[in-house]
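J.:
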Amino acid sequence: MSETTNKTELKRTLGPVMLWGLGVGYVISGMYFGWNLGLPEGGTLGLAIATGFIILMYVCFTFSYTELACAIPKAGGVYDYATRALGKDWGFIGGMAQNIEFIFAPPAIAFAIGAYFNLWVPDIPVLAFAILFYLIFTLLNIRGVKAAATFELLVTIVAVVELLIFAGATLPSFEFENLQKNALPNGYGGVFAAIPFAIWFFLAIEGVANVAEETRNPQRNILIGFGSAILTLVVLCTLTFFSSIGVGGWENIVYAANGETSDSPLPLALKTVLGDSGWMWHLLITIGIFGLVASFHGIILAAGRATMEFGKTGSAPKQLGEIHSKFQTPHKALIFNLAIGIIALLTGKTGEIITIACFGALGLYIISMISIIKLRKTEPELERPFKVPFYPVMPIIALIIASVAMVAMSVYNPWLALIFLVIVLGSFAIYKIINNKTATS
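Start counting the sequence shown at 0; every next residue gets the next number (numbering that gives the first Met the number 0).
Right, dumping it as structure tokens:
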């Protein structure tokens, strides 16, 4: 293999089981923390309605995105799909939305991991733990995708088993009356305010498409991995939602003993059933860290591939598109993302970082659904080993729900919407200026 090939090609090592592990792993931390903060906004009913629509969006989006990933198996995901369908400018905007999602989600999860370990070693600050884990998992991803994906599969399996044990421990104490307590505290407007927290249940599932270039037989394996992952996540989301709230009402898993909001709904629910001193409670809390680690590690992996594609195509500095000569991984892109993530961590604005990541996700979903519709018209002869069922119904449903969610989030988070817009448009302006200078030189 030539040196040039080494610098531009990724190694194909992933099968459907690894892809399932990545797909579930990217998302599963959303079951462990964060989603419960939507309950003060929407209550049980409001968050349930929001989550129902978001599940519908993700099911329709996942099958639609699978068609794109199988037809155009590139590491850039929506960047490559939108470029082919809508042109370079829209490809850049879609790619930036994807980068914002994948680069801003890990800092929020890193902070949760840091807070978790700080409970065990309170003398070490949360931020120090967060940065340490950022360094460790970036190095693991540089070491090689097969090692990274194998680790991801193992921690994902543990995290899934943990959620099933949690459901088994809490469901015997489930009471339907607990779902009815203050079920809609802010009226139906709370449904819209709860949307970001419903999205957090499934954020980053599309990261599977970003390892398409490293997948054996991507046309077959991406479909199997993607489809089985979304099915697993829908089941886990439903189980976690009802088993958590059903043991004592939604306020029981939002407010800690001191009255402050908590990022740990599962431990609060378990405490109601088991107390906080038994071996089962300590066991479940200890292995709960695997859910956070799975998503943290998986999204770092996907983010590296998305940033690499930007570098390869000249939308970002070319160095970001280089592949490590020995490990064949996007080492420079991973290090760049690490630097941005640490800067985000230093702001201490975890909730705001989550919301900005959700804005990026919705931008990705909207542009990718427009892309699939456009490609069906402009390239009907394109080889599509998998075609989304019930076309065009599924991509249109995903497009409508994502658009409504984007508007609702902007209304309830105007300043964060402005920050997201400034990042996208600012980077686009720089991109155009550089490209124009290159074209005229």
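Beta carbons are placed, not taken as given, at the ideal position from N, Cα and C, and that holds for glycine.
Quick caveat, the model's predicted, so the values are computed rather than measured.
Which of helix, strand or coil does DSSP assign to Tyr187?
T.: What you label residue 187 is simply residue 188 of the sequence shown in a count that begins at 1. Residue state, collapsed to three classes: coil.
J.: Here's the rule: buried if 16 or more other CB atoms are within 10 angstroms of the residue's CB, otherwise exposed. What is Tyr187?
T.: One-based indexing of the sequence shown puts residue 187 at position 188. The residue in question, Tyr187, is exposed, as its Cβ has fewer than 16 Cβ neighbours within 10 Å.
J.: Going straight from the alpha carbon of Glu321 to that of Ala332, what length do you get?
T.: In the sequence shown, residue 321 corresponds to position 322, counting from 1. In the sequence shown, residue 332 corresponds to position 333, counting from 1. Taking the straight line from one Cα to the other gives about 8 Å.
J.: Express the C-alpha separation of Asn35 and Phe101 in angstroms, rounding to a whole number.
T.: As a working mapping, residue 101 is identified with position 102 in the sequence shown. As a working mapping, residue 35 is identified with position 36 in the sequence shown. Near 22 Å, if we compare the C-alpha coordinates of Asn35 and Phe101.
J.: Using CA coordinates, which residue listed in Val120, Ile400, Glu213, Pro106 is at the minimum distance from Gly76?
T.: Position 77 of the sequence shown holds residue 76. Taking only the C-alpha atoms, the option nearest Gly76 is Glu213.
J.: Which residues bound the alpha helix (DSSP H) around Pro217?
T.: Here the question's residue 217 lines up with position 218 in the sequence shown. Looking at the DSSP string, the run of the alpha helix (DSSP H) that includes Pro217 is 217–244.
J.: Given a cut-off of 8 Å, decide if Phe201 and Gly29 are closer than it, judged by their beta-carbon atoms.
T.: The count along the sequence shown starts at 1 and reaches residue 29 at position 30. The count along the sequence shown starts at 1 and reaches residue 201 at position 202. For Gly29 and Phe201, yes; Cβs fall inside 8 Å.
J.: I need the straight-line Cα distance from Ala305 to Tyr78, nearest angstrom please.
T.: In the sequence shown, the residue the question calls residue 305 occupies position 306. In the sequence shown, the residue the question calls residue 78 occupies position 79. If you take the alpha carbons of Ala305 and Tyr78, they lie about 8 Å apart.
J.: Quick one: what's got a C-beta closer than 8 Å to Met405's C-beta in the same chain, skipping five residues either side?
T.: Residue mapping note: residue 405 aligns to position 406 of the sequence shown, counting from 1. Phe358, Leu361, Gly362, Ile365, listed in sequence order.
J.: Applying the criterion that 16 or more other CB atoms from any shown protein chain within 10 Å of the CB defines a buried residue, is Thr260 buried or exposed?
T.: For the purposes of this step, residue 260 is taken as the residue at position 261 of the sequence shown. Exposed: under 16 other Cβ atoms inside 10 Å.
J.: Consult DSSP for Thr328 and reduce its assignment to one of helix, strand or coil.
T.: Mapped onto the sequence shown, residue 328 falls at position 329. It is coil, neither helix nor strand.
J.: Pick out whichever of Asn177, Gly247, Val210, Val190 has its Cα sitting closest to the Cα of Gly71.
T.: By one-based count along the sequence shown, residue 71 stands at place 72. According to the sequence displayed, residue 71 carries Ile and not Gly. Out of Asn177, Gly247, Val210, Val190, Val210 has the C-alpha closest to the C-alpha of Ile71.
J.: Quick one, which of Val58, Leu38, Tyr31, Met17 has its alpha-carbon nearest Ile400's?
T.: Taking the sequence shown and counting its residues from 1, one reaches residue 400 at position 401. Comparing Cα-Cα distances from Ile400 to each of Val58, Leu38, Tyr31, Met17, the minimum goes to Val58.
J.: If you measure between the beta carbons of Leu155 and Ser242, is that distance less than 8 Å?
T.: Taking the sequence shown and counting its residues from 1, one reaches residue 155 at position 156. Taking the sequence shown and counting its residues from 1, one reaches residue 242 at position 243. Residue 155 is actually Thr in this sequence, not Leu. No, they are not a contact pair.
J.: Can the beta-carbon of Gly340 be found less than 8 Å from the beta-carbon of Pro106?
T.: Reading the sequence shown from its first residue, position 341 is the one you call residue 340. Reading the sequence shown from its first residue, position 107 is the one you call residue 106. Yes, the Cβ-Cβ distance between Gly340 and Pro106 is below 8 Å.
J.: Assuming Leu21 and Gly297 are in contact, meaning their beta carbons sit under 8 Å apart, how far apart are those beta carbons, in whole angstroms?
T.: Here residue 21 refers to the residue found at position 22 when the sequence shown is read from its first residue. Here residue 297 refers to the residue found at position 298 when the sequence shown is read from its first residue. About 5 Å; that satisfies the 8 Å criterion.
J.: So, is Trp119 buried or exposed, given that buried needs 16 or more other C-beta atoms within 10 angstroms?
T.: On the sequence shown, position 120 is the one that residue 119 refers to. By the 10 Å Cβ count, Trp119 comes out exposed.
J.: Excluding five sequence neighbours on each side, which residues of the same chain lie with their C-beta closer than 6 Å to the C-beta of Lys311?
T.: Locating residue 311 in the sequence shown gives position 312, counting from the first residue. Once the five neighbours on either side are set aside, the close Cβ partners of Lys311 are Gly320.
J.: Determine the extent of the alpha helix (DSSP H) in which Leu291 is found, giving its start and end residues.
T.: Counting from 1 along the sequence shown, the entry for residue 291 is found at position 292. It spans 288–311 - the alpha helix (DSSP H) in which Leu291 sits, taken as one unbroken run.
J.: Report the option in Ser263, Glu205, Val159 whose CA atom is closest to the CA atom of Gly290.
T.: Along the sequence shown, one-based indexing puts residue 290 at 291. Nearest of Ser263, Glu205, Val159 to Gly290, Cα basis: Val159.
J.: Assuming Ile369 is part of the alpha helix (DSSP H), what are its boundary residues?
T.: If you number the sequence shown from 1, residue 369 lands on position 370. 349–377 is the span of the alpha helix (DSSP H), which, as asked, contains Ile369.
J.: Rounded to whole angstroms, what is the Cα-Cα separation between Ile432 and Cys69?
T.: As a first step, residue 432 is located in the sequence shown; it is residue number 433 there, counting from the start. As a first step, residue 69 is located in the sequence shown; it is residue number 70 there, counting from the start. Straight-line Cα distance between these residues: approximately 33 Å.
J.: Give every residue of the same chain whose Cβ lies closer than 7 Å to the Cβ of Ala193, excluding the five residues on either side of it in the sequence, and list them in chain order.
T.: In the sequence shown, counting from the first residue as 1, residue 193 sits at position 194. Closer than 7 Å at the Cβ level, and outside the excluded window around Ala193, lie Gly37, Glu40, Gly41, Gly45, Leu46, Ala49.
J.: So Ala338 packs on Ile352, CB below 8 Å; how close in whole Å?
T.: In the sequence shown, residue 338 corresponds to position 339, counting from 1. In the sequence shown, residue 352 corresponds to position 353, counting from 1. 15 Å between Cβ atoms; not a contact.
J.: Which class does Tyr254 belong to by DSSP, given the choice of helix, strand or coil?
T.: Residue numbering aside, residue 254 sits at position 255 when the sequence shown is read from its first letter. Correct three-state label for Tyr254: strand.
J.: Using only the alpha-carbon positions, how far apart do Thr4 and Glu250 sit?
T.: Here residue 4 corresponds to residue number 5 of the sequence shown, with the count starting at 1. Here residue 250 corresponds to residue number 251 of the sequence shown, with the count starting at 1. Because the pLDDT at Thr4 is just 42, under 50, the model does not fix this residue reliably, and the value given afterwards should be weighed accordingly. Approximately 56 Å between the Cα atoms of the pair.
J.: Around the C-beta of Phe150, are 16 or more other C-beta atoms found within 10 angstroms, so that it is buried, or is it exposed?
T.: The count along the sequence shown starts at 1 and reaches residue 150 at position 151. Counting Cβ neighbours within 10 Å, Phe150 comes out buried, since at least 16 surround it.
J.: In the DSSP assignment, what are the bridge partners of Thr149?
T.: Position 150 of the sequence shown, counted from the first residue, corresponds to residue 149. Paired residues: none, contrary to the question.
J.: Assign His330 to buried or exposed, taking buried as 16 or more other Cβ atoms, counted over all protein chains shown, within 10 Å of its Cβ.
T.: Here residue 330 refers to the residue found at position 331 of the sequence shown. Answer is buried; the Cβ neighbour count reaches 16.
J.: Might you give, ordered along the chain, the residues of its own chain that have their beta carbon closer than 8 Å to the beta carbon of Val423, omitting 5 neighbours on each side?
T.: On the sequence shown, position 424 is the one that residue 423 refers to. So the qualifying residues of the chain are Ile92, Met95, Ala96, Ile99, Gly362.
J.: With a 10 Å radius around its C-beta and 16 neighbouring C-beta atoms as the bar for buried, classify Ser324 as buried or exposed.
T.: Counted from its first residue, the sequence shown places residue 324 at position 325. That one is exposed.
J.: Is DSSP giving Leu333 helix, strand or coil here?
T.: For the purposes of this step, residue 333 is identified with residue 334 of the sequence shown, where counting begins at 1. Looking at Leu333 - three-state DSSP - the assignment turns out to be helix.
J.: List the residues that DSSP assigns as beta-bridge partners of Leu13.
T.: Along the sequence shown, read from residue 1 onward, the residue named residue 13 stands at position 14. DSSP output for Leu13 lists Thr214 as bridge partner(s).
J.: For Ala208, tell me which candidate among Lys348, Ala407, Met17, Ser426 has the shortest Cα-Cα distance.
T.: Indexing the sequence shown from 1 puts residue 208 at position 209. With distances taken between Cα atoms, Ala208 lies closest to Met17.
J.: Assuming contact is defined by CB atoms lying nearer than 8 Å, are Ile108 and Phe295 in contact in what I supplied?
T.: One-based indexing of the sequence shown puts residue 108 at position 109. One-based indexing of the sequence shown puts residue 295 at position 296. Taking 8 Å as the Cβ cut-off, Ile108 and Phe295 qualify as a contacting pair.
J.: How close, in whole Å, do the beta carbons of Ser63 and Val387 come, if the pair is a contact with beta carbons under 8 Å?
T.: Position 64 of the sequence shown, counting from 1, holds the residue named residue 63. Position 388 of the sequence shown, counting from 1, holds the residue named residue 387. Confirmed, about 5 Å.
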